[in-house]
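For reference, the structure discussed in these notes is given below.
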Amino acid sequence: MKLQHFITYVILILLTLSVVYPALWIVMSSLKEGNSLYSETLIPRAFTFDHYKDLFTNTRYQYSLWYMNTIKVAVLSAILGTIMTMLGSYAMARFRFVGRKFGLMGMLVLNMFPSFMSLVAIYILLLQFELLNSHWALILVYSSGAFISNVFVAKGFYDTIPRSLDEAARIDGASHWKVFTSVMIPLSKPMLTYISLVIFNGAWVDFIFARLILRTADQETLAVGLYDIVNQQTSTDFTFFAAGAVLLSVPVLLLFVWLQRFLVDGLTAGASKG
Amino acid sequence: MTKHTPQATMLSTLFMGLGQWYNRQFIKGILFALIEIIGIYWIVTRLADSVRGLVTLGDTPRGMIKVGKVYQPVDGDHSIFLMVEGLISLIFVLLFVFVYALCIRDARITANNREQGIEPHSFSVTLSNIANKNFPYLILVIPITAAILLTVMPIIFSVLVAFTDFAAPILPPAKLVSWVGFDVFNKLINLGSWSHTLYGVAAWTVVWAIIATLSTYLLGTIVAVLIQQKGIRLKTFWRTMLIIPFAVPNLVSLLVFRNLLNEEFGPINQYLELIGLSGLPWLNDPTWARLTVIFVNLWLGFPLIMILVSGILTTIPKDLYEAADVDGAPRFYVFRAITLPLVLYSTAPILIMQFASNFNNFNVIFLLTNGNPVVPDYLYAGGTDLLVTWLYKLTLTNNQYNFASVLSILIFIIIASLSILNYRNTRSFKEEDMIQ
């Protein structure tokens, strides 16, 4: 083996260890007995699934409720957000109408505003109108935000579908709506799947806005709930947190495995190819 | 040929719908007339009030008013409600003017058609036209409305707040908010403790964004190139393992790191003590905390660059390397002269985007250190706080809404100039009509 390869392997092994260690540690912690952060060994002496059971039976935290809240918010945001992105980007890609250029420019400019700006403003408004603590605020904001940030990816996709397809359907007498539902939607399934999963994932792990909006423990989502567990000064529930964190990650990991094939395409879709 | 256009245009300008009546489109005419009646009713009864509200932001504070011989509590004006109401009113006025213009245009076009012998459409034809000719508008209604209500309106509101004194202790409904012009900007830039915090936090934000971007970029590129080398085995295995940080939700890995690096009980310090070193104040000392967030961000960020660069590496033509081989160029030289420029060229936009997202990297800072450790002479900010986390704290915990708004305007200016640089090269905007 050449020296160069040897060094490469050493670097790769070290990197892999440093990458795997935190993940391994949290899984092991969720399986160990007791509840403290401190442990003598990485691999616990005795394994237990008590903490996972605890998640759904414990009364101090409402983990199962958080899980349901998160599923509700993420699924509804994904559905609404995908529908809006689909409609908006199709109109922008396929039709030339008065105000189109203006709309596209506007969307670009909106993309430049830090999402913080509108989030903070929405928070202040909801606070003044005493409408905080509602899941619908989250869902509406996630889905409309998804429309603005994904419209160019989706539009880029529709741009690549040859026009002759819908023109043929139009000549055969199909209405615009018919063309859209029976030609375009089936063709854009991969893109729609990608976008809906990205929105789902975003809503699933969002902390920033959820923490602004959600006020009571029974409305909280997983992200906010887990943060609260860790953030308590006298937290003695470390293993509880560990189990909760593992369960939060599972859906995201599954999605990731499934999404991997879209990954590079999706990431580079908006980028310049020089 | 009879002239119709001047009459129809005049009538429509006079009162919405009259032109349509003149063109014998009765249902359409009635609909337009209804819109005008509602609009005028609303303008007469409400508009003046809501504009005054927007200008003054209320003039009756909450308090006790002497009525006869007794003091009675009055509710007073709520400045923020007045501001929002005024804003919505202005949008309605714009909408009304827009519909008015549409109405006149419609009457004009129809009349013009009549002059050329084309009969005006019946109402059912008009309806089916909406579904056909105006299809793009129809499907845009929902997304655009949502975007305007939930993004544009809040942004305008946020900009307005920057010019008021809306900050604790001046909070409605107890107190009235008023316009203060550029006062808040002035305070933030010139007033002792505010400006000290602003410059400190901004400087750290820029340093952080540069280091965070370059470090992830370098490590990601190096790893991608290392794996790509000829003769390295298990390529897929390495890539799959090293992608883990990208696959685990940020939220979880950051909270895990927060525990791992716990000064008293965290396993990292535990190991350090085992081998005879003393534990380090990872998150509790200003300098160490800054180094820690950079390292943790490196852990989180390099896989993304690795994936991207791996993708680019496969597209570099093989003959370039073969030619270099024939010429006997040393490995490092090949990397510097072929690989690096090509990779840099294709990833430049991503580099800018990464800089922008690190600039606003809320999660890493807030979840890991909460912006702490505390710096004594900062106002509401800590040693690792970025502009965005400072903004968040100003809003959520300290109720300094106007300062937060000014900050977000500053952030917008910075991010927008970067984005413009980037979007100018964006493919899906530039070459949109290429594939037909």
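One line per chain: the protein sequences are A and B, in this order. If you're matching positions, the first sequence starts at 0 in numbering that gives the first Met the number 0 and goes up one per residue. If you're matching positions, the second sequence starts at 0 in numbering that gives the first Met the number 0 and goes up one per residue. Ideal Cβ positions, reconstructed from N, Cα and C, are used throughout, including at glycine.
Contacts that residue i makes with chain A (C-beta to C-beta distance below 8 angstroms)
| i | result |
| --- | --- |
| Leu271 (chain B) | Near Leu271 (chain B) there are no residues of chain A at all, since even the closest Cβ is about 14 angstroms away, more than 8 angstroms. |
| Trp237 (chain B) | Leu11 and Thr15 |
| Gly18 (chain B) | The premise fails here: Gly18 (chain B) is roughly 20 angstroms from chain A at the closest Cβ pair, so nothing lies under 8 angstroms. |
Residue i at chain A interface by Cβ criterion, 8 angstroms
| i | result |
| --- | --- |
| Ile79 (chain B) | yes |
| Ala403 (chain B) | yes |
| Leu439 (chain B) | Because chain B in this structure spans residues 0 to 435, residue 439 (chain B) falls outside the shown range and cannot be described. |
| Val363 (chain B) | no |
| Arg257 (chain B) | yes |
| Gln6 (chain B) | no |
| Val96 (chain B) | no |
| Trp203 (chain B) | no |
| Pro142 (chain B) | yes |
| Pro280 (chain B) | no |
| Leu213 (chain B) | no |
| Ala350 (chain B) | What sits at residue 350 (chain B) in the sequence shown is Leu, not Ala. So no, Leu350 (chain B) is outside the interface. |
| Val54 (chain B) | no |
| Asn357 (chain B) | no |
| Asn131 (chain B) | yes |
Closest by C-alpha distance to residue i, when choosing among the options
| i | options | result |
| --- | --- | --- |
| Phe146 (chain A) | A:Lys177, A:Leu118 and A:Leu79 | A:Leu79 |
| Ile212 (chain A) | A:Leu109, A:Ser29, A:Phe179 and A:Phe128 | A:Phe128 |
| Ala222 (chain A) | A:Phe237, A:Gln231, A:Val229 and A:Phe206 | A:Phe206 |
| Pro439 (chain B) | A:Ala90, A:Phe112, A:Met91 and A:Asp49 | Examination of residue 439 (chain B) is not possible in this model, given that chain B is present from 0 through 435 alone. |
| Val54 (chain B) | B:Phe80, B:Leu282 and B:Ser416 | B:Phe80 |
| Trp203 (chain B) | B:Asn360, B:Thr394 and B:Val66 | B:Asn360 |
| Ala241 (chain A) | A:Leu11, A:Ile10, A:Ser35 and A:Phe255 | A:Ser35 |
| Ile143 (chain B) | A:Ile160, A:Met106, A:Ile138 and A:Met190 | A:Met106 |
| Lys392 (chain B) | B:Leu94, B:Asn401 and B:Tyr379 | B:Tyr379 |
| Pro60 (chain B) | B:Ser78, B:Phe294 and B:Cys102 | B:Ser78 |
| Ile39 (chain B) | B:Leu13, B:Gly62, B:Arg51 and B:Lys27 | B:Leu13 |
| Ala217 (chain A) | A:Tyr66, A:Leu254 and A:Phe94 | With the sequence shown as reference, residue 217 (chain A) is identified as Asp, and Ala is not the correct amino acid for it. The shortest Cα separation from Asp217 (chain A) among A:Tyr66, A:Leu254 and A:Phe94 belongs to A:Tyr66. |
Beta carbon proximity, residue i to chain B, threshold 8 angstroms
| i | result |
| --- | --- |
| Asn132 (chain A) | no |
| Met27 (chain A) | no |
| Gly273 (chain A) | With a pLDDT of 31 at Gly273 (chain A), under the threshold of 50, the modelled position of that residue is not reliable, and the figure given next carries that caveat. Yes, Gly273 (chain A) lies at the interface with chain B (some Cβ there is under 8 angstroms from its Cβ). |
| Gly87 (chain A) | yes |
| Met183 (chain A) | no |
| His4 (chain A) | yes |
| Ser187 (chain A) | no |
| Met190 (chain A) | no |
| Thr215 (chain A) | no |
| Val74 (chain A) | no |
| Pro43 (chain A) | no |
| Val19 (chain A) | yes |
| Ile78 (chain A) | no |
| Tyr60 (chain A) | no |
| Asn110 (chain A) | yes |
| Ala270 (chain A) | Low confidence applies here, because Ala270 (chain A) scores a pLDDT of 41, under 50, leaving its location unreliable and the question unanswered by this model. |
| Trp24 (chain A) | yes |
| Leu196 (chain A) | no |
| Ala90 (chain A) | yes |
Chain D contact for residue i (CB, 8 angstroms cutoff)
| i | result |
| --- | --- |
| Ser117 (chain A) | The structure shown contains no chain D; its protein chains are A and B. |
Under 7 angstroms by beta carbon: chain A residues contacting residue i
| i | result |
| --- | --- |
| Leu225 (chain B) | Thr7, Ile10 and Leu11 |
Partners in chain B for residue i, counting only beta-carbon separations shorter than 9 angstroms
| i | result |
| --- | --- |
| Gln127 (chain A) | His77, Ile79, Phe80, Val83, Pro171 and Pro172 |
Neighbouring residues, chain B, relative to residue i (Cβ below 8 angstroms)
| i | result |
| --- | --- |
| Phe101 (chain A) | Within chain B, no residue comes near Phe101 (chain A); the closest Cβ sits about 11 angstroms away, beyond 8 angstroms. |
| Ala167 (chain A) | The premise fails here: Ala167 (chain A) is roughly 14 angstroms from chain B at the closest Cβ pair, so nothing lies under 8 angstroms. |
| Val229 (chain A) | Leu254, Arg257 and Asn258 |
| Tyr226 (chain A) | Leu250, Leu254 and Leu366 |
Proximal residues of chain B, C-beta to C-beta of residue i below 7 angstroms
| i | result |
| --- | --- |
| Trp135 (chain A) | What Trp135 (chain A) touches in chain B: nothing, since even the nearest Cβ is about 11 angstroms away. |
| Val140 (chain A) | Leu149 |
| Ser248 (chain A) | Val247, Pro248 and Val251 |
| Ser143 (chain A) | Ala145, Ala146, Leu149 and Thr150 |
| Leu164 (chain A) | Per Cβ cutoff of 7 angstroms: no residues; Leu164 (chain A) is ~11 angstroms from chain B at best. |
| Tyr37 (chain A) | Phe264 |
Residue i CB to nearest heavy atom of the ligand MG below 7 angstroms
| i | result |
| --- | --- |
| Gln269 (chain B) | As far as ligands go, the structure on display features none, and thus does not contain the ligand MG. |
### Message
Under 8 angstroms, with one C-beta from each stretch per pair, do the stretch 103-116 of chain B and the stretch 17-27 of chain B reach the 3-pair mark?
### Response
yes
### Task
Evaluate the contact criterion for the stretch 316-326 of chain B versus the stretch 414-421 of chain B: three or more CB pairs, one atom per stretch, below 8 angstroms.
no
### Query
Relative to chain A, which residues along the stretch 151-164 of chain B have a C-beta separation below 9 angstroms, given in chain order?
Val151, Met152, Pro153, Ile154, Ile155, Phe156, Ser157, Val158 and Val160
### Query
According to a CB-to-CB cut-off of less than 8 angstroms, which residues of the stretch 371-399 of chain B neighbour chain A?
The stretch 371-399 of chain B vs chain A, Cβ under 8 angstroms: Val387, Leu390, Tyr391, Thr394 and Leu395.
### Message
Is it the case that the stretch 164-181 of chain B contacts the stretch 343-350 of chain B, given that we only count it when at least three CB pairs across the two stretches are under 8 angstroms?
### Response
no
### Task
Kindly confirm or deny that the stretch 112-123 of chain A and the stretch 400-408 of chain B touch, where touching means at least three C-beta pairs closer than 8 angstroms.
yes
### Task
May I ask you to verify whether the stretch 280-287 of chain B touches the stretch 246-264 of chain B, counting CB pairs closer than 8 angstroms and requiring at least 3?
yes
### Task
Assess, as a yes-or-no matter, whether the stretch 193-205 of chain A is touched by the stretch 161-168 of chain A under the definition of 3 or more beta carbon pairs within less than 8 angstroms.
no
### Task
Flag this pair as touching only if the stretch 168-180 of chain B and the stretch 68-77 of chain B have three or more C-beta atom pairs under 8 angstroms; answer yes or no.
For the pair of segments examined, the stretch 168-180 of chain B was found to touch the stretch 68-77 of chain B: the number of CB pairs separated by less than 8 angstroms reaches three.
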